[in-house]
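Chemist:
Protein chains: 2
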Amino acid sequence: MEIKGFKFAAVEAAIKKPGRLDLGLIFSERPAAVAAVFTTNKVKAAPVLLDMERLKSGFCQAVVVNSGNANACTGVQGMDDARETARLVAEGLGIPDEATLVASTGVIGVPLPMARVRQGIAPLVEGLESGTLAAVAAAIMTTDTFSKLEVRSGDAGGAPYMITGIAKGAGMIMPNMATMLAFLVTDAAVDPVWLRKIFREANDASFNMISVDGDTSTNDTSLIMANGMAGNAPLAADSPDAVQFTELVQEVLLALAKQIVKDGEGATKFVTITVKGAQSNAEAKQAAMAIANSSLVKTAFFGQDANWGRILAAVGYSGVQVDADLVDLYFDDVLMARNGLFAGGDAETRGSEVLKGNEFSVTVDLKLGKGLATVYTSDLSYDYVKINADYRT
Amino acid sequence: MEIKGFKFAAVEAAIKKPGRLDLGLIFSERPAAVAAVFTTNKVKAAPVLLDMERLKSGFCQAVVVNSGNANACTGVQGMDDARETARLVAEGLGIPDEATLVASTGVIGVPLPMARVRQGIAPLVEGLESGTLAAVAAAIMTTDTFSKLEVRSGDAGGAPYMITGIAKGAGMIMPNMATMLAFLVTDAAVDPVWLRKIFREANDASFNMISVDGDTSTNDTSLIMANGMAGNAPLAADSPDAVQFTELVQEVLLALAKQIVKDGEGATKFVTITVKGAQSNAEAKQAAMAIANSSLVKTAFFGQDANWGRILAAVGYSGVQVDADLVDLYFDDVLMARNGLFAGGDAETRGSEVLKGNEFSVTVDLKLGKGLATVYTSDLSYDYVKINADYRT
């Protein structure tokens, strides 16, 4: 089974350096309903500004994406370059300019090398005949160590459809501005207004639950195209199969989000952090994010140090309601602290054993209410520093 | 010239491990006016809770401080231990319990080893005959690589006085909970209500302008004792010498704050970050702190990479009003970006040269208003990770 009506291509345009795929194209034979969420950073890259404008129609037909250069902090020239890239792709495909979106990731503040982008576009369009989404997933990688692709299939009123997504990761550990990109394509027919609603919610429940949240880059983009080639009646809020479609979109996004965490810069641990018993779900998330974003907690994870006090302290400064004398804290199923105090016994030994694993969970019970949230994060290692100290060179 | 009416002592109590001073005492022969600011963390260590209660009188006579154990997340036992420590010191000194304050720094969640604390108190009190504040400064060190002491002298209505301060640092780089302690003593006579006001303001202009801000530990304490032995008429808001005293307190605190940054865990750079042209001083500080707290900016400093785009992006997500097309950015006096764009010419070469220094400044001009703030920070190095991964062991 394959996804109907989409074609893909990726080429080497040597945008930052030669020797790797760095220019990708997603093309739908028909105009597709499109929804996207973008960075909340006030400094937005040119492609983000262009896409925000073009998305208002609710439809698009192509997305061209490059790595190696973010086309951010590039002013009027950057907007001109984003527009020209879209126009050249649109001409090659024989579709309207306005149906073409652009995304970029890489170094900030350097103009796009347009000569190389221009040279790349003809082979890119030709490549659609034989290209794959997996190749596009490779072309958008920056410091990622593996490409990220997820596939799900569903059924809408008897018509089978697929949802396929790719993503590139971010400097996961306190990723103040490393770019996150995700592109989903589905051949299901979907009402564009409803698609926008569920896609935003699905992003909140996935990419906004990994510690990329808040500190967004100039280029963050998560986008879905639905071209309707599966032949179903367009899915909308009252469709019998709306729930399944929504869940599959969430599944793809959450799976991609977890892959991003696992591929965090220098990451050696994948940590699931759950806060329960908070006064609200929002407070639970706020506390979980404070834990996930604490450099001291993350370095303790890297050091396999069962330093539960740092976690409790992070909850303390997170700003949420907390009574230190009530808090329970677990590493996996090992109770480390009960009512804010060290649990004693063999907790230290057993807790340290848990932290030796590559994947483990931290659970904090505030015992104040019913608020619950789970976020995903990684540790902070030497390699994070190494990767980011030398990023531009 | 020496500070009148204060005595100091420090001993080795082997609280965490033997071989270093770890228990200190500051004693004023007379009750001293006292003011303090404490951590805003909702999880507060036992000594902080005890001191907050005892400070209400506005006077104290002794502070006993230990390193090696934070006495935080230690519950009822922790409060009992803090009280007993104060009581034993008070008995040794022949002063009221309530005139004795306690401070602790070190590992969280482990009860104070009271047997060793008890044993240390008699030699501590005896040590007052020959002890120095410098020895107390050494006794409060944890991961600090040097002790921090500042001295200033002033004159109030013809009476010379001194202000001496010591501090211990924090895991400076995103110091989510490493403790900051500072103790100032002066023989000037100062009205306790006014002292409280100016001390709070001076802390805002010093310790709250280094990137310790916000992510406070369970134990952060900054305290001043003024015993009046200089013989001046008590300083208050309308005293002719009030401004000088206020400035000297600020000088001592700011000098200690800068020493803390320079001794940041693993720090190799001391960076002064100024944001001007913001819509308010508060927005200028918010933007400067976003830069100072960005792990990606800090790792670029460590890598001596003139990556001005990361700085601009940090301003963009800081939440303040910003027009990316207006922003100018300097490394020292080298213009790196003008109106949001790379300045060109030899800016890259000259900017990289600036970042090779051990101390440099970053100036961001938002060109929107008159808001101005300067904060101080350090870089994020391999050693930060090393220190914090292995802290408890």
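Protein chains in written order, with our numbering: chain A, 36 to 428; chain B, 36 to 428. Heads up, the beta-carbon is just placed ideally off N, CA and C, and yes, glycines get one too.
Quick one: list the residues of chain A neighbouring valine 310(B), beta-carbon separation under 8 Å, in chain order.
Modeler: Ordered by position in chain A, no residue passes the 8 Å Cβ test against valine 310(B), which lies about 14 Å from the chain.
Chemist: So, helix, strand or coil for lysine 402(A), using DSSP?
Modeler: Correct three-state label for lysine 402(A): coil.
Chemist: For aspartate 367(A), collect the residues of the same chain with a Cβ closer than 6 Å to its Cβ; drop the 5 residues on either side in sequence, then sort them by chain order.
Modeler: If we look at aspartate 367(A) and ignore the five residues flanking it on each side, its Cβ neighbours are Val389, Phe395, Ser396.
Chemist: I believe alanine 322(A) touches valine 310(A) by the beta-carbon criterion, under 8 Å. Please report the beta-carbon distance rounded to the nearest angstrom.
Modeler: Contact holds; Cβ gap of about 5 Å.
Chemist: Are the CB atoms of alanine 105(B) and leucine 85(B) within a distance shorter than 7 Å?
Modeler: No; because the gap between Cβ atoms is not below 7 Å, this pair is not in contact.
Chemist: Determine whether the beta carbon atoms of alanine 138(B) and proline 82(B) lie at a separation below 7 Å.
Modeler: Yes, Cβ-Cβ distance for alanine 138(B) and proline 82(B) is below 7 Å.
Chemist: Under 6 Å: does the beta carbon of glycine 141(A) sit that close to some heavy atom of the ligand FMN?
Modeler: In the structure shown, the ligand FMN is absent, as is every other ligand, since no ligand is present at all.
Chemist: Can you list, in chain order, the stretches of the alpha helix (DSSP H) that have 4 or more residues and sit fully within the region 196-274 of chain B?
Modeler: Runs of the alpha helix (DSSP H) inside the region 196-274 of chain B: 227-239.
Chemist: Is glycine 141(B) helix, strand or coil by DSSP?
Modeler: If DSSP states are grouped into helix, strand and coil, glycine 141(B) belongs with the strands.
Chemist: Quick one: which residues of the region 308-337 of chain B get their C-beta closer than 9 Å to a C-beta of chain A? List them in chain order.
Modeler: Under the 9 Å Cβ criterion, the region 308-337 of chain B contributes Ala325, Asn328, Ser329, Ser330, Leu331, Val332, Lys333, Thr334, Ala335, Phe336, Phe337.
Chemist: Across the region 148-163 of chain B and the region 254-274 of chain B, are there enough close Cβ pairs to call them in contact, namely three or more that are closer than 8 Å?
Modeler: As far as the Cβ criterion goes, the region 148-163 of chain B does not touch the region 254-274 of chain B, which means the pair count is below three.
Chemist: For a minimum of 3 consecutive residues, which ranges assigned as the beta strand (DSSP E) are wholly contained in the region 264-323 of chain A?
Modeler: With a minimum length of 3 residues, the continuous beta strand (DSSP E) runs that stay inside the region 264-323 of chain A are 305-313.
Chemist: Would DSSP call phenylalanine 181(A) helix, strand or coil?
Modeler: In this structure, phenylalanine 181(A) counts as coil in the three-state DSSP scheme.
Chemist: Between Lys402(A), Ala223(A), Glu88(A), Glu236(A), which has its C-alpha nearest methionine 264(A)'s C-alpha?
Modeler: Comparing Cα positions, the closest option is Ala223(A).
Chemist: The alpha helix (DSSP H) spanning serine 102(B) covers which residue range?
Modeler: Element bounds for serine 102(B): not the alpha helix (DSSP H) but the beta strand (DSSP E), 94-104.
Chemist: Using a 10 Å radius around the Cβ and a threshold of 16 neighbouring Cβ atoms, would you call valine 399(B) buried or exposed?
Modeler: Answer is buried; the Cβ neighbour count reaches 16.
Chemist: Enumerate in chain order the residues of its own chain whose CB-to-CB distance from valine 350(A) is below 8 Å, with the five nearest sequence positions on each side excluded.
Modeler: Excluding positions up to five away in sequence, the list reads Val310, Ala322, Ala325, Ile326, Val357, Val362, Val399, Leu401.
Chemist: How big is the Cα-Cα spacing for glycine 375(A) and serine 416(B)?
Modeler: Those two C-alpha atoms are separated by around 33 Å.
Chemist: If the cut is a Cβ gap below 7 Å, which residues of chain B does lysine 304(A) touch?
Modeler: Chain B residues near lysine 304(A): none, gap ~12 Å exceeds 7 Å.
Chemist: Have a look at Leu289(A), Ala49(A), Gly204(A) and flag the residue whose alpha-carbon is nearest the alpha-carbon of threonine 180(A).
Modeler: The option with the nearest alpha carbon to threonine 180(A) is Gly204(A).
Chemist: Go ahead and label aspartate 340(B) buried or exposed: buried means 16 or more other beta carbons lie within 10 angstroms of its beta carbon, across all protein chains shown.
Modeler: By the neighbour-count rule (16 or more Cβ atoms within 10 Å), aspartate 340(B) is buried.
Chemist: List the residues of chain A whose Cβ lies closer than 9 Å to the Cβ of lysine 77(B), in chain order.
Modeler: Val350, Gly351, Tyr352, Ser353, Gly354, Val355, Gln356, Val357, Asp358, Ala359, listed in chain order.
Chemist: Tell me which residue opens and which closes the beta strand (DSSP E) that aspartate 116(A) is part of.
Modeler: Segment 110-128 is the alpha helix (DSSP H) holding aspartate 116(A); no beta strand (DSSP E) there.
Chemist: Just to confirm my understanding: we take arginine 259(A), look at its own chain, exclude 5 residues before and 5 after, and list those with CB closer than 6 Å. What are they?
Modeler: The sequence shown places isoleucine at residue 259(A), not arginine. So the list reads Ala70, Leu219, Phe234, once near-sequence residues are dropped.
Chemist: If you draw a straight line from the alpha carbon of valine 142(A) to that of glycine 344(B), how long is it in whole angstroms?
Modeler: Their backbone Cα atoms lie some 8 Å apart in a straight line.
Chemist: Between glutamate 12(B) and leucine 291(B), how many whole angstroms is the CB-CB distance? I'm expecting something under 8 Å.
Modeler: Because residue 12(B) is not part of the residues shown, which for chain B are 36 to 428, the question remains open.
Chemist: Does the beta-carbon distance from glycine 166(A) to phenylalanine 41(A) come in below 7 Å?
Modeler: No, the pair does not count as a contact, with Cβ atoms beyond the cut-off.
Chemist: Is it the case that the Cβ atoms of leucine 168(B) and threonine 199(B) are separated by a distance below 7 Å?
Modeler: The answer is yes: Cβ separation under 7 Å.
Chemist: Per DSSP, which one or two residues make a beta bridge with valine 69(B)?
Modeler: BP columns for valine 69(B) point to Met260(B).
Chemist: Nearest-angstrom Cα distance between alanine 408(B) and asparagine 76(A)?
Modeler: Alanine 408(B) and asparagine 76(A): Cα-Cα distance of roughly 21 Å.
Chemist: Exposed or buried, what is aspartate 238(A) when buried is set at 16 or more other beta-carbons lying within 10 Å of its beta-carbon?
Modeler: Position check: residue 238(A) holds asparagine in this sequence, whereas aspartate was assumed. Flag for asparagine 238(A) reads buried.
Chemist: Measure the C-alpha to C-alpha separation of phenylalanine 336(A) and phenylalanine 377(A) and round it to an integer number of angstroms.
Modeler: Going from the Cα of phenylalanine 336(A) to the Cα of phenylalanine 377(A) covers about 18 Å.
Chemist: Any idea if valine 111(A) is buried or exposed, counting beta-carbon neighbours within 10 angstroms, 16 or more meaning buried?
Modeler: The residue in question, valine 111(A), is exposed, as its Cβ has fewer than 16 Cβ neighbours within 10 Å.
Chemist: I need the straight-line Cα distance from alanine 302(B) to asparagine 393(A), nearest angstrom please.
Modeler: Alanine 302(B) and asparagine 393(A): Cα-Cα distance of roughly 29 Å.
Chemist: Per DSSP, what are the beta-bridge partners of glutamate 395(A) in this structure?
Modeler: In the sequence as presented, glutamate is not what sits at residue 395(A); that position holds phenylalanine. Val306(A).
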